[in-house]
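A.B. asks: One structure coming up, written as structure tokens, with questions to follow.
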Amino acid sequence: MQKRWVVKSKSEVKKINQLVDELHLHPILTALLLNRGIEDKSNADRFFNPDLQDLHNPFLMKDMDRAISRIEQAIGQNEKILIYGDYDVDGTTAVALMYNFFREFHSRIEFYIPDRYMEGYGISIQGIDYAAANNFSLVIALDCGIKAVDEIAYATAKGIDFIIGDHHLPGEQIPAAVAVLDPKRSDCMYPYKELTGCAIGFKIVEAFIQKNKMDVQLCYQYLDLVAVSIASDIAPITGENRILTHFGLSKLNSNPNCGLQALIDLSSNKSRIFSINDIVFQIGPRINAAGRIEHAKDAVKLLIAKSLQEAKEYSAVIDDQNNVRKDFDLRITEEALQLIAQNEALIAKNSTVLFKADWHKGVIGIVASRLIEKYYKPTIILTETNGYVSGSCRSIIGFDIYEALQDCADLLTQYGGHKYAAGLTMPLENVSAFQQRFEEVVTQRITQDILTQDILIDSKLQLAEIDYTFSNTLLNFEPFGPHNESPLFLSEQVRLTAAATIVGTNHLKFNVQQHNTPPIGCIAFGLASYLEQLNSGKPFDICYSIEENLWRGKKNLQLNVKAIRY
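Numbering of the sequence shown is given in the working numbering, commencing with residue 116 and proceeding in unit increments.
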């Protein structure tokens with residue numbers, strides 16, 4: 116798959132020079148700030164020095180006052196409260212956060228996670244029936260519920276009040292709950308729109324603490340859970356999320372939740388500082404595995420464990436589930452790739468929609484993401500569950516898959532999600548018509564420009580400019596994530612100083628120099644196909660991020676090469 120190398124448009128020299136004078140930064144580092152929309156010293160200071168005091172007042176969120184009043188009423192009248200959440204990382208961390216906080220002074224509280232396979236996503240009738248049968252009068256739903264109009268009406272008829280804390284896009288009608296907290300509501304004036312479900316749970320706790328004049332540190336103890344949700348949900352690391360993630364990572368690396376500590380102890384990176392990437396690849400998949408393979412309540416039990424010993428019992432179970440998940444993931448991805456390779460007409464399409472009745476529902480979202488890595492087009496993976504078809508949808512930059520699903524709504528039983536990720540259900544007999552309709556919708560809206568993947572490069576850089584001072588300043592741009600990606604640099608006409616070698620099955624390791632600079636080490640994951648070209652001795656261009664590599668107790672700067680060009 117051809118990728119387009121795009122160096123971000125150069126900022127005005129005048130602006131760069133002004134910030135260089137004010138911040139005493141390298142001009143390229145100053146350009147990185149401008150690339151991220153930071154154009155003056157005050158915003159740069161806030162970017163480099165996140166402060167919890169800059170979090171927005173939680174009562175700016177529509178219905179927050181109603182939510183807190185209802186929770187206070189429930190506690191005051193000793194009502195039974197049910198914390199309800201989705202089965203992914205965001206949902207389970209949200210439930211754990213709320214449960215951990217409120218159980219400290221209210222004993223009549225439980226949690227509920229719907230079964231991915233028996234109930235599906237969101238607020239379920241089965242879940243409401245459970246609440247009614249067990250005399251819960253208040254349900255706080257997190258990371259779901261914004262489109263549960265009928266379900267909330269059903270609950271109300273049974274005498275159950277709902278508070279919804281969601282971050283997904285609302286439908287045309289808002290559910291008639293006691294309170295509906297969602298920054299994406301058109302009538303919600305909350306300044307930051309990209310909070311996760313767990314972060315909204317945090318804001319509820321923050322508001323409760325503020326209203327009751329409690330110590331604000333009581334909510335800060337849950338910031339590690341919030342950071343895990345933000346990283347795992349691939350939420351933008353901007354604004355309020357940047358503050359929450361910065362302090363959440365600090366908590367994760369100093370005094371984490373017992374369940375998170377147990378997961379850290381299982382990981383391959385337990386000896387060093389955990390980053391966003393470590394959450395995405397080490398912690399998040401394990402938490403998700405519970406809901407994918409068995410039941411997500413196992414993940415919540417892990418995250419509400421009161422001791423490390425208790426947490427380790429649950430983490431061992433979840434680690435086994437994650438190993439099963441890996442096996443399903445590998446097998447189904449291989450099957451999906453074979454189906455595509457055998458069908459030239461499918462390769463030529465602008466979308467990929469695959470259906471196989473026996474694919475494991477718990478991993479189809481992962482498989483969709485893996486297919487995009489190879490074919491880079493909007494992708495939906497479908498499977499059969501309990502007599503209906505469910506699907507996970509993933510998109511590419513510039514194409515709104517949620518809007519595309521809206522044009523197929525008459526074929527669907529249910530759908531919901533974001534611009535780049537969504538889920539759906541439909542009758543089995545609609546699969547063929549849906550495949551055709553979705554391809555038509557994509558073809559009408561997508562362009563060849565969108566279908567060409569860009570490598571967005573922050574700046575050209577001479578290898579001679581790379582030193583520890585430069586690298587250490589880059590660390591101040593962390594935490595990295597969507598909308599604040601790890602900076603990518605382009606160095607042109609570099610040469611090997613010795614033959615490149617293959618590491619593992621598909622990775623390269625080599626040293627480069629430019630204009631007789633000292634050699635610098637490189638690692639290139641998944642680029643083993645370039646071995647012969649590299650060893651030909653010809654100069655080439657590299658696109659890379661700069662990182663610190665620890666090997667046998669010795670630290671060195673290393674280039675993590677993302678792409679090679681001749």
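No residue lacks a Cβ here, since even glycine has one placed at the ideal position from N, Cα and C.
1. Can you give me the C-alpha to C-alpha distance between ASP281 and LEU333, rounded to a whole angstrom?
2. Assign TRP474 to one of two classes, buried (16 or more other C-beta atoms within 10 Å of its C-beta) or exposed (fewer than that).
3. Does DSSP put ILE388 in a helix, a strand or coil?
4. Expressed to the nearest angstrom, what Euclidean distance is found between the alpha-carbon atoms of ALA377 and GLU409?
5. When you compare the segment 238-257 with the segment 431-445, are there three or more beta-carbon pairs, one atom per stretch, that lie closer than 8 Å?
6. Quick one: complete alpha helix (DSSP H) runs, 4+ long, within the segment 320-361?
7. Just to confirm before moving on: does the CB-CB distance between GLU225 and LEU257 stay below 9 Å?
8. Anyone know if the C-beta pair for LEU497 and LYS464 falls short of 9 Å?
9. Mark MET176 as exposed unless 16 or more other C-beta atoms lie within 10 angstroms of its C-beta, in which case mark it buried.
10. Under three-state DSSP, which class holds ILE561?
11. Could you check what DSSP says for ILE679 in three-state terms: helix, strand or coil?
12. Can you check which of these residues, ILE394, VAL293, LEU603, PHE585, is closest to TRP120 by C-alpha distance?
13. Measure how close the beta-carbons of LEU147 and ASP573 come, nearest whole angstrom, since I'm counting them as under 8 Å.
14. Run the CB neighbour count on ILE617, radius 10 Å, all protein chains shown included, and call it buried at 16 or more, exposed below.
15. Extract the residue ranges of the beta strand (DSSP E) inside the segment 240-285, only unbroken runs of 3 or more that lie entirely within it.
16. Please check the pair ALA548 and CYS508, which I expect to be a contact at CB under 8 Å, by giving their CB distance rounded to whole angstroms.
17. Using C-beta distances below 6 Å, list every residue in its chain close to LYS156, excluding the 5 sequence neighbours before and after it, in chain order.
18. So, at 7 Å on beta carbons, what are the nonlocal neighbours of ASP413 in its own chain, with the 5 sequence-adjacent residues on each side left out?
19. Would you mind reading off the limits of the alpha helix (DSSP H) that contains GLU518?
20. Secondary structure at LEU674, three-state DSSP: helix, strand or coil?
21. Using the rule of at least 16 other Cβ atoms within 10 Å of the residue's Cβ for burial, across every protein chain shown, is LYS129 buried or exposed?
22. What did DSSP end up calling ASP656 once you bin it into helix, strand or coil?
23. Just the C-alpha distance for ARG231 and GLY237, rounded to the nearest angstrom, thanks.
24. Roughly how many angstroms lie between the CA atoms of PHE396 and LEU167, to the nearest whole one?
25. How many Å lie between ILE153 and ALA159 at the Cα?
26. Short check: CB of ALA182 to CB of LEU367, under 9 Å?
27. Nearest CA to the CA of ILE345: which residue from ILE516, GLY596, ILE186, LEU642?
28. Within the continuous alpha helix (DSSP H) that includes TYR490, where are the two ends?
29. For the beta strand (DSSP E) that contains ILE635, what are its first and last residues?
30. Under a Cβ-count criterion, where at least 16 other Cβ atoms within 10 Å of its own Cβ denotes burial, should VAL331 be classed as buried or exposed?
31. Under a three-way DSSP split, which group does ASP569 fall into?
32. Can you check which of these residues, LYS195, LEU452, GLY206, PRO400, is closest to PHE217 by C-alpha distance?
33. So, GLY312 versus ASP380, is the Cβ gap smaller than 9 Å?
34. How is the alpha helix (DSSP H) around GLY538 delimited, first residue to last?
35. Taking the runs of the alpha helix (DSSP H) that are 4 residues or longer, which of them lie wholly in the segment 158-238?
36. Distance check for GLY531 and LYS575, CA to CA, integer angstroms please.
C.D. replies: Put simply:
1. Straight across, the Cα-Cα distance linking ASP281 with LEU333 is about 22 Å.
2. Looking at its Cβ environment, which holds 16 or more other Cβ atoms inside 10 Å, TRP474 is buried.
3. coil
4. 19 Å
5. no
6. Those alpha helix (DSSP H) runs which fall completely within the segment 320-361 and span 4+ residues are 332-335, 338-347.
7. no
8. no
9. That one is buried.
10. coil
11. strand
12. LEU603
13. 6 Å
14. exposed
15. 253-257, 276-280
16. Actually they do not touch by this definition, with Cβ atoms about 17 Å apart.
17. Correct list, in chain order: GLU137.
18. Within the same chain, ASP413 has close Cβ partners ALA405, TYR429, VAL432, ILE433.
19. 516-521
20. Assignment of LEU674 by DSSP, reduced to helix, strand and coil, places it in the strand class.
21. exposed
22. strand
23. 9 Å
24. Cα-Cα distance, rounded: 27 Å.
25. 6 Å
26. In this structure, LEU367 does not lie closer than 9 Å to ALA182 by Cβ.
27. GLY596
28. 479-490
29. 635-639
30. exposed
31. strand
32. LYS195
33. no
34. Segment 536-541 is the beta strand (DSSP E) holding GLY538; no alpha helix (DSSP H) there.
35. As far as the segment 158-238 is concerned, its whole alpha helix (DSSP H) runs of at least 4 residues are 179-191, 204-217.
36. 40 Å
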